[in-house]
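J.: Below is one structure. I have some questions about it.
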Amino acid sequence: QQQVKQSPQSLIVQKGGISIINCAYENTAFDYFPWYQQFPGKGPALLIAIRPDVSEKKEGRFTISFNKSAKQFSLHIMDSQPGDSATYFCAASMVSGGYQKVTFGTGTKLQVIP
Amino acid sequence: EAQVTQNPRYLITVTGKKLTVTCSQNMNHEYMSWYRQDPGLGLRQIYYSMNVEVTDKGDVPEGYKVSRKEKRNFPLILESPSPNQTSLYFCASMISGVYGYTFGSGTRLTVV
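So the sequences go chain by chain: A and B. Residue numbering for the first sequence is 1381 to 1494, as defined by the working numbering. Residue numbering for the second sequence is 142 to 253, as defined by the working numbering.
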């Protein structure tokens, strides 16, 4: 099963609050879990990523939490700002047939209101 | 500047009229891929290429063709477009062994 399930579909957060986006996967062969950020009119851009041998990775205000046993991972945006308003995609990847196959979640549209 | 360039950005066409969306990258990446983005469905892979002359189907390849004659270029061809191919298309590239795609800015295609 290659599916990656992402929730919520949309999220409204007050400025300064914490935004949390959750993802779940089924295939234990996935070995890399990136998050992409997409602004309107632009392509997705790699934001932060984690491997399953660590439980948390932090880069500035962005943190990935990873629960290998539950096959879940989440993105936390601390002190959310209006400039964080974008669509966020989680993804999971694995090597398949010599190729790095990336499977994306369905996306979360985040709106941070002043 | 390292980038993936897609053209055109916007395209309106009629059913059945063949079209090509071009994609070029200047980073010497081995891997290239085409995705379509639809509301509620996220990014779905159409075709990918591991290197020159090596291409394979992704998850939604029906109605599309690709070619990889040069390392930098990976055009997407719709031989006979249909309205269900109306979508936002992204080309992306990735270097082997480094796990992260660089995406183009997208092509919004409308088939009427």
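All C-beta atoms, glycine included, are put in the ideal place defined by N, C-alpha and C.
Just list the alpha helix (DSSP H) runs in the segment 171-227 of chain B, keeping only unbroken ones of 4 residues or longer that don't cross its boundaries, in chain order.
T.: Those alpha helix (DSSP H) runs which fall completely within the segment 171-227 of chain B and span 4+ residues do not exist here.
J.: T1486 of chain A touches chain B at which residues, Cβ-Cβ below 8 Å?
T.: Correct list: G181, L182 and G183.
J.: Decide if R209 of chain B is buried, meaning its Cβ has at least 16 other Cβ atoms within 10 Å, or exposed.
T.: Buried, by the Cβ-count rule.
J.: Using the Cβ count rule (16 or more neighbours within 10 Å means buried), how would you classify I1493 of chain A?
T.: Counting Cβ neighbours within 10 Å, I1493 of chain A comes out exposed, since fewer than 16 surround it.
J.: For F231 of chain B, decide whether its Cβ has a neighbour in chain A, counting only Cβ atoms nearer than 8 Å.
T.: So yes, F231 of chain B belongs to the interface.
J.: I'd like to confirm the pairing. Which residues does DSSP put opposite Y1479 of chain A in its beta bridges?
T.: Note: Y1479 of chain A sits in a beta bridge opposite A:S1476.
J.: Indicate whether at least one CB of chain B lies closer than 8 Å to the CB of Y1468 of chain A.
T.: So no, Y1468 of chain A is outside the interface.
J.: Examine chain B for any beta-carbon lying closer than 8 Å to the beta-carbon of Q1480 of chain A, and answer yes or no.
T.: Yes, Q1480 of chain A lies at the interface with chain B (some Cβ there is under 8 Å from its Cβ).
J.: Would you be able to state if there are at least three C-beta pairs under 8 Å between the segment 230-241 of chain B and the segment 166-178 of chain B?
T.: Yes: at least three Cβ pairs fall under 8 Å.
J.: Would you call the segment 1403-1414 of chain A and the segment 152-159 of chain B in contact, with 3 or more CB pairs under 8 Å?
T.: No, they do not touch.
J.: Does the CB of P1388 of chain A have a neighbour CB from chain B at under 8 Å?
T.: Output row for P1388 of chain A: interface = no.
J.: Is it true that the segment 1470-1484 of chain A meets the segment 154-167 of chain B, where meeting means three or more beta-carbon pairs spaced less than 8 Å apart?
T.: Short answer: they don't touch.
J.: Residues of chain A with CB closer than 8 Å to the CB of M168 of chain B, please, in chain order.
T.: Within chain A, no residue comes near M168 of chain B; the closest Cβ sits about 13 Å away, beyond 8 Å.
J.: Let me make sure I understand the geometry here. Which of B:S221, B:T196, B:D179 and B:G181 has the alpha-carbon closest to that of G1477 of chain A?
T.: Looking at the Cα atoms, B:T196 is the closest of the given residues.
J.: Below 6 Å CB to CB, which residues in the same chain sit around K159 of chain B once its five sequence neighbours on both sides are set aside?
T.: Same-chain partners within the cutoff: E220.
J.: Buried or exposed for T1488 of chain A, going by 16 or more other Cβ atoms inside 10 Å?
T.: Per the 10 Å Cβ criterion, buried.
J.: Where does P1414 of chain A sit, in a helix, a strand or coil, going by DSSP?
T.: P1414 of chain A falls in the strand class under three-state DSSP.
J.: Could you give the residue range of the beta strand (DSSP E) that holds N1402 of chain A?
T.: From DSSP, the beta strand (DSSP E) with N1402 of chain A extends over S1399 to Y1405.
J.: Can you list, in chain order, the residues of its chain with a C-beta nearer than 6 Å to that of N192 of chain B? Leave out the 5 residues immediately preceding and following it.
T.: Here the set comprises E171.
J.: Along the segment 1427-1443 of chain A, where does the CB come closer than 8 Å to a CB of chain B? Name the residues.
T.: Under the 8 Å Cβ criterion, the segment 1427-1443 of chain A contributes A1429.
J.: Using a cut-off of 7 Å between C-beta atoms, extract the partners of K1448 of chain A located in chain B.
T.: Going along chain B, no residue has its Cβ under 7 Å from K1448 of chain A, so there is no contact; the nearest lies around 18 Å.
J.: Could you tell me whether any Cβ in chain B is nearer than 8 Å to the Cβ of K1451 of chain A?
T.: Chain B, which has no Cβ nearer than 8 Å to the Cβ of K1451 of chain A, makes this no.
J.: Compare the C-beta of S1473 of chain A against all C-beta atoms of chain B and say whether one is closer than 8 Å.
T.: Judged by the 8 Å Cβ criterion, S1473 of chain A is in contact with chain B.
J.: For the beta strand (DSSP E) holding K1437 of chain A, just list the boundary residues, first then last.
T.: That run of the beta strand (DSSP E) goes E1436 to E1439.
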